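Put into structure tokens, the structure is as follows:
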């Protein structure tokens, strides 16, 4: 048994069973995808507030990157979502025990037989942090704002970076032909009616995502769209005290409709490096160390830490720029697929339970296709394809993030090195393009039209294949420059197909087309895990990362 295998198996022995996050900062900064536009509110933290691990003062969570925007509609990277979920609440939530969609701000909901009309009946006596009341009008105003974000930030601004959650779910912005949301109205003070042009089968599950959190009407200003982020005001169990690049400090909302949470304050510290998170946990400065990496697992086990793990619900992939003169040849992309040794990658760099994959959708969703092209690891096959394509040693810029840990990418530098070695072994000339995640990795990568390849991944936001396929392939975006009308049509049809098996078959056909066209190469469905300090006895774990701090249990 190799040391690497032994180390990874320790997680299975020691754990208590209970991840594109993309990112793009509109205002000059940087996976689910960070499309933030806002400045950080608050002042600089004091050293004491950074260091505190005292449960009487605050539970301290070691996060991996800075919060990018407190506008929930733009909060689509995992660390931003983590904090936004505590401050804002959506109409629907998820039962932490069963995983089923459940009521949240909506006390109940119904859908017409044809799947075109939804009614959400709101809880009464719910107030925002600013004391204003939740009613149907403010919910309608939020939904209409989500559908107009592109116009609010300047036509095309968001479309040039990432697919917003509203577009991924509804197909387009309000008023566009592709948008399935025809109207949203307040039927009365506590009833919201959504009317669709086509059914969206997974709409209730989709509405549980953090980007569909409801903000106070006092912060919704068309002339100042950043106000939501600068003055974060939701109905959640916590309100914002301070946010900057170093930390997010939250305190309990004592008038929360479901009662004040047990934990009076939570601080999420930004610690991109795994060994920094480990050190701070071991010295008692943090209580929750998230995103354990394989190289920090052994000391955690040896120190007797309680380790929790999430089921695999994310995908790491190697993306291709199909506009690149070399990568536009599918034979080159096929050669890359044969060159990469996925099994070795998983063994060396991922926690036990992670799985090498050739498809984007995790096995738990049961839509993987047995007929999709597999392209097994074979250097000779890769070399033959390169010769057939006439590859002559052209340099291939390969982007990867530095100083980052994501649920799908635990050790980016090491994973890049392993992939680059595999590609160089078959004769590909790789030019490394490392960019720190928090220095605008996504902006830099997407902005380079000469990019050949890049490392990225996606967390599933809700339990549907559309949560993976929709944001990546429903539109021709800047990441892959992949244009397949057939794939887009199948995704729209699958979104509206009421029969479960017919819908699953459509998603399998999408998987087959993607395996043939290869706009990106799926690599791994990873698990992620966290370790707890002595002051915390349990943390709410979720494969879709719905993890409310109010459910943290203190020792």
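Numbering (UniProt numbering), first residue to last: 1 to 555. Each residue gets a CB set at the ideal place from its N, CA and C atoms; glycine is no exception. Since we're looking at a predicted model, the values are computed, not measured.
- Assignment of residue 321 by DSSP, reduced to helix, strand and coil, places it in the coil class.
- Residue pairing from DSSP leaves residue 413 without any beta-bridge partner.
- Of all alpha-carbon atoms in 87, 131, 73, 129, the one lying nearest the alpha-carbon of residue 141 is that of 73.
- Between residue 163 and residue 475, the C-beta gap is smaller than 8 Å, which places the two residues in contact.
- Around the beta-carbon of residue 457, 16 or more other beta-carbon atoms lie within 10 Å, marking it buried.
- For residue 359, no beta strand (DSSP E) run applies, since DSSP gives it neither H nor E.
- Listed in chain order, the beta strand (DSSP E) runs fully inside the stretch 139-197 are 181-188, 191-196, counting runs of at least 3 residues.
- Counting only the Cα atoms, residue 294 lies some 12 Å from residue 278.
- Annotation: residue 507 is outside any beta strand (DSSP E); the continuous alpha helix (DSSP H) that includes it extends over 500-517.
- Residue 108 sits in a strand when the DSSP states are folded into three classes.
- DSSP, reduced to helix, strand and coil, places residue 115 outside both helices and strands of the structure shown, so it counts as coil.
- For the options 317, 287, 410, the alpha carbon positioned closest to that of residue 274 is the one of 410.
- DSSP places residue 335 in the uninterrupted alpha helix (DSSP H) bounded by 330-339.
- In the DSSP annotation of this structure, the continuous segment of the alpha helix (DSSP H) that includes residue 297 starts and ends at 294-302.
- Residues of the same chain with a CB within less than 8 Å of the CB of residue 269, apart from the 5 flanking positions on each side, are 50, 60, 61, 62, 63, 246, 247, 280, 286 in chain order.
- The C-beta of residue 283 has fewer than 16 other C-beta atoms within 10 Å across all chains shown, which makes the residue exposed.
- Unbroken alpha helix (DSSP H) stretches of 4 residues or longer found wholly inside the stretch 399-477: 412-425, 441-447, 466-473, given in chain order.
- Residue 195 places its beta carbon 8 Å or farther from that of residue 187.
- Our two residues, residue 470 and residue 491, have alpha carbons roughly 7 Å apart in a direct line.
- Residue 355 is not a Cβ neighbour of residue 541, given a cutoff of 8 Å.
- When C-alpha distances from residue 117 are compared across 123, 124, 109, the shortest belongs to 109.
- For residue 204, no beta strand (DSSP E) run applies; the uninterrupted alpha helix (DSSP H) run containing it begins and ends at 203-206, by DSSP.
- Taking C-beta atoms under 8 Å as the contact rule, residue 385 and residue 334 qualify, at a distance of about 5 Å.
- Contact annotation: residue 104 and residue 92 have beta-carbon atoms nearer than 8 Å.
- Its chain contains 237, 261 as the residues whose beta carbon lies nearer than 6 Å to that of residue 550, once the 5 sequence neighbours on both sides are disregarded; these appear in chain order.
- For the pair of segments examined, the stretch 329-347 was found not to touch the stretch 483-490: the number of CB pairs separated by less than 8 Å stays below three.
- Each of 496, 200, 66 was checked against the Cα of residue 243, and the nearest Cα belongs to 66.
- Taking the CA atoms as reference points, residue 404 sits about 22 Å from residue 357.
- Straight-line measurement puts the Cα of residue 368 at about 27 Å from the Cα of residue 400.
- Measuring C-alpha to C-alpha distances from residue 214 to each of 175, 432, 133, 167 identifies 133 as the nearest.
- Assigned with DSSP and collapsed to three states, residue 343 falls in helix.
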